[in-house]
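Residue numbers (my numbering): 2 to 940.
Take a look at the structure:
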C-alpha cells in the first residue's frame, strides 16, 4: 500500500477486519491514491438509484476530478474508508471537515460531513453500520466531535443506519433534504447497539460453520486411512443431513465418487454452493485450497492441517498469511491445527472431526483449544465410568487449535442464543482478549452456566500458536475477575465435567444448606467434611443403616427435600451384599421418583463401587436441566448399538448425577451454590453513582496539558493532588524536609502534632522498618526524631524526609487502579502492611465499579474483619471508603490516559478517612480498545 502524497502518512492502524451481519467478513481500510481503478470499477457496479441517493441527481459515472477527490486524502480533514472483499470495494464512506457555514475548514473545526455508498449486492449485510463505527472512531481520533449528513427522504435504508446507531441526534428537513446531526461521543445506547450488532454478526459467523448445508473435505485420500479420508468417513457415518463432497487434486479425472460420496478434483468443480470446507492437505498446499474455496464462494473453513504457529516463527508467518487470505474472501477459519467440529442436532448431525464416534445428543456445549483435551472431554461425556459415570450428551463441540481466527469469544456469542445448549464447558490455554471475554461471559452466565478450566496458567507463556496480549496481572487476579463475571472457574478437567454434569442435570440450589443421608455412617461423615471444606453448610448426616432398602432411601430423600431448611441433598450409598443389578435399579428408581416430586432442589449421589446404580441414575442421554416444577422431560433415544447394555431410565426420569468420591460431589455442589448466588446478585448489579463535585472537563484539560510533555509520565506531588482533587479525592498535605530547620518550618505551617516520614523508595510504605515517627507534639520531639532517622538510615538526601499533619487513627488500607493491556481497567483493594503483601490478600473488581461492587470489594479480603470491629475495635467508616473506591473508578473510567493510580496508605477512621500518599501515572490512550469499533484480531 503506497503512502498518500498529502499531509499525513498512511494510517495503517485504521485497517481492520470486521464480521458482517450475515456472518461473512470484510476488510475496512483507508482509501489511497492507488485505489482509482478499484473506485471506478466499484462505482460501475452501483445501481442508478443508489447513485441518485448519493449525489441527489443522476450521476452515471465518476469524472477524473471526482476520482482524484475521492482517492486523495490528508487523513485528517478529508478521510475515506472502503470495505473490501476479495480486494475489491463493496462500500465506501468519507468525511470532510467543515466549519460553521458548512464550507471546508481545517482543525480546530470539530464538525464533518459524512456520506456512504454501498454496492447494491451487499446492501442489507450491515456494511454501512460497520463503516459508520470505524469512520466515527477515526473522526474522534482527529478531533471531530460531530457528524452531519444530508439524505434524501426516500433513502430509508441510510436514514435507518444513522438513526439506529444510538448517538445523540438532531433531525431537520429543509429544501427536500433530511439533515441529520449527531455527536460522536459514545453513549450507553450507542455501545449497546454496537455490542448487539457484534453479537449477531459473530454468532451468525459461527452458526454458518456449525450448521452448513453442504461440506467439502479437501484432501480426502484415495487410499483408506489418513486424516482427510477419516474425517470424510466420520461425517458420512454420523448421518450428516447436508450435501457432502470429497475433494483431492490427485483424483483421476473420471473418478466420480469416493466411499459413496461425490468426488471432485477441486472445490471449483463442485456443481452447487459449498458452505464449509474441511481442509486436511499439507500446510504448503493449503493456500491453493483456500483460493479455490474463496473463488467458489465457500463461507467458512475448518483447517485440520498442522505446521503453522505450532511449529515456530516460520509457521507463525504462514498462519498470518492463511488468515489474511481467508479474510480476503470473507471466510472465517477454525484452526489451523484443529481437531474439528461437531453438531449433534438431528437437523445437522455433523461430525467434521477426528473423533471416530458421534457423541450422544445433549445440552452441553464444549470448546477446547487443545485437541487432546477435546478427545478426553468427549470420551468422559460419552462413555460410562471413568470420572462421573453415566451418559451425558453434547450439543456442539469446537476444537479451535491455534485459534488464529474463531475463538472462544465467537463460540460464546453462538451459545448465548443457541436453544440446544444449556451449559457451556470451555478448556482454555490462553485468552486472546480477556476484556471482551469477561464482557461476553458476564452476559452468557446470566442466562446459562459457563464452566472454564484454564491450562498453562502457571507456565508464564502462551502455548505455541496462540497470539495473545501480554498481561501484567497474576493468574489469581485474572481468575478473580473471571469469577466476578460469573464464570465458574475450576482447576481440572475432572472438575469441569463434574460441575458441568450437575448444572446440566439439576436445578440451581437456593442456598448452601445441604442434607446428607445414606446407608454408611462413615461415608456420610466424609461427605459432611467435604461440604464444610467447600464453604457449604451441611446438616448432620442421617444414617439409614446398611440394612436400608430402596423404600427407606425414597422416604429419607422425600423428607429431606420437603425440609425448608435444606437447599440440596447428597445421597451416599455403599453396596448391599447380594443385591446386584436388580437392587441397583430399584434404588435408582426410588431416588429418581423422590427427586422428581420436588424438582426445584438438586440431588447428588455419592456411590462406592455401585456402577450399576450410577448407570441406572443417568442412563438417559438427555441433559436438559430440571429447572422448574412440572413433568420431567422424556428420556432421549437410546444410546448407539455399539455401547454396552445398561439399565435404562424410564420415560420422564429425573436424572441424578453420581460421583465416585465425596469431595468431587461437594466441589461440584459448591460451584453450583456460588454460581446461583452470583445469578441472584447479577439481577441487580448496582449503579455507578454520579458526584456533582467531579470536574471531568477540568481533569481532561489538565491531563492533555501534562501529556503534551511526553508519551508517559508519573505525576509530581502537586500535580497528583490537583488531579485527584478534581474527583473529590483529597490527599493529606506533606511538605519536604531536606533539613531539620525546614522540617520545623513545615511543622509550623501544618500545625502540631505531625509525622516525620522517610520517602526513599526502599523505605516508602515500610513502617515496619522504622522509617516513620508519629505524634510529634513539638519542635524538640521533631528534631530528635529527625536525628534518629538520619542516624539509622543515612543522610537526608538519601531519606527524602517529609513532614505531614497527623491523621485520625484508623486502619491502614491500599487502593490501586491499573490499566492492564489484556484485562482492561482493574480496581484493587487491601489492607496495608507486610502481612497482607505476604499473603496476597488483595481483592479486585473491573472498572467501572458499581456501588454494589464497592460494597463487596472491601468485604472480599480475608482481613476484612479488621474494618468492622474485630475483637472489640471500633468499626471504620465503610461508607467513606466505598465512596473513595467509586471516585477512583470514575477517574480511570472517564480518562483512559490515567493508566495507574495508587493511594497508600489510606487511613480509614471511625468517621471519615485520610489519603496520606498518592501517585498517578499517565500515558496516551490506546488507539483501539473494547469500546472502539468492531474488529477482528489483526494479522
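Just so you know, even glycine gets a beta-carbon here, dropped at the ideal spot from N, CA and C. Since this is a predicted model, take the numbers as computed values, not measurements.
Asked	Found
Integer-rounded CB distance, given that residue 71 should sit under 8 angstroms from residue 1029	This structure gives no information on residue 1029, because the portion of the chain shown stretches from 2 to 940.
Opening and closing residue of the beta strand (DSSP E) in which residue 842 lies	Premise fails: residue 842 is in no beta strand (DSSP E) and is neither H nor E.
Inter-residue Cα distance where the pair is residue 708 and residue 142	16 angstroms
Contacting residues, own chain, Cβ-Cβ under 6 angstroms from residue 179 (five flanking each side not counted)	152 and 154
Where residue 56 sits in the DSSP three-state scheme	helix
Cβ contact (3+ pairs, closer than 8 angstroms) linking the segment 227-234 and the segment 279-287	yes
For residue 273 and residue 625, the rounded distance between their alpha carbons	The pLDDT assigned to residue 625 is 39, lower than 50, so where the model puts this residue is not dependable; a value taken from the coordinates is nonetheless given after this. Their Cα atoms are separated by approximately 38 angstroms.
Presumed contact (8 angstroms Cβ cut-off) between residue 31 and residue 76, rounded CB distance	7 angstroms
Reduced DSSP category for residue 206 - H, G, I as helix; E, B as strand; rest coil	helix
Rounded C-alpha distance that separates residue 115 from residue 101	15 angstroms
Distance between beta carbons of residue 131 and residue 162, contact taken as under 8 angstroms	Contact doesn't hold; Cβ gap of about 10 angstroms is too wide.
Short Cβ contact (8 angstroms threshold) for residue 399 with residue 368	yes
Identified DSSP bridge partners for residue 427	368 and 453
Segments of 4+ residues assigned as alpha helix (DSSP H) that fall wholly inside the segment 299-383	314-329 and 372-383
Cβ-Cβ separation, residue 728 to residue 695 (assumed contact under 8 angstroms), whole Å	5 angstroms
Buried or exposed by the 16-neighbour rule on C-beta atoms within 10 Å, applied to residue 157	exposed
Helix, strand or coil at residue 650 [DSSP, three-state]	Residue placement at residue 650 cannot be trusted, given a pLDDT of 38 that sits under 50; what the coordinates show is reported in the next sentence. Coil at residue 650, not helix or strand.
Reduced DSSP category for residue 199 - H, G, I as helix; E, B as strand; rest coil	helix
Proximity below 8 angstroms, CB of residue 902 to CB of residue 801	no
Short Cβ contact (8 angstroms threshold) for residue 185 with residue 140	yes
Backbone secondary structure at residue 660 - three-state DSSP	strand
Residues sharing a beta bridge with residue 92, DSSP	84 and 119
Cut-off 8 angstroms between Cβ atoms - residues of its own chain near residue 773, not counting five sequence neighbours on either side	756, 757, 758 and 759
Range of the contiguous alpha helix (DSSP H) that encloses residue 562	551-563
Touching by the beta-carbon criterion (3+ pairs, under 8 angstroms), the segment 343-359 and the segment 238-245	yes
Candidates 807, 405 and 489: closest to residue 425 by CA position	489
Short Cβ contact (8 angstroms threshold) for residue 481 with residue 403	no
Reduced DSSP category for residue 835 - H, G, I as helix; E, B as strand; rest coil	helix
Nearest to residue 554 (by Cα), restricted to the options 538, 528, 587 and 567	587
Three-way DSSP call (helix, strand, coil) for residue 10 in this model	coil
For residue 87 and residue 934, the rounded distance between their alpha carbons	22 angstroms
Residue 1 versus 339, 692 and 226, residue with shortest Cα-Cα distance	There is no way to answer for residue 1, as the model of the chain reaches only from 2 to 940.
Distance between beta carbons of residue 572 and residue 592, contact taken as under 8 angstroms	6 angstroms
Beta-bridge partners of residue 524, as assigned by DSSP	For residue 524, which the question treats as bridged, DSSP gives no partner whatsoever.
Rounded straight-line distance, which links the Cα of residue 751 to that of residue 537	53 angstroms
Residue 336 versus residue 200: straight-line alpha-carbon distance, rounded	21 angstroms
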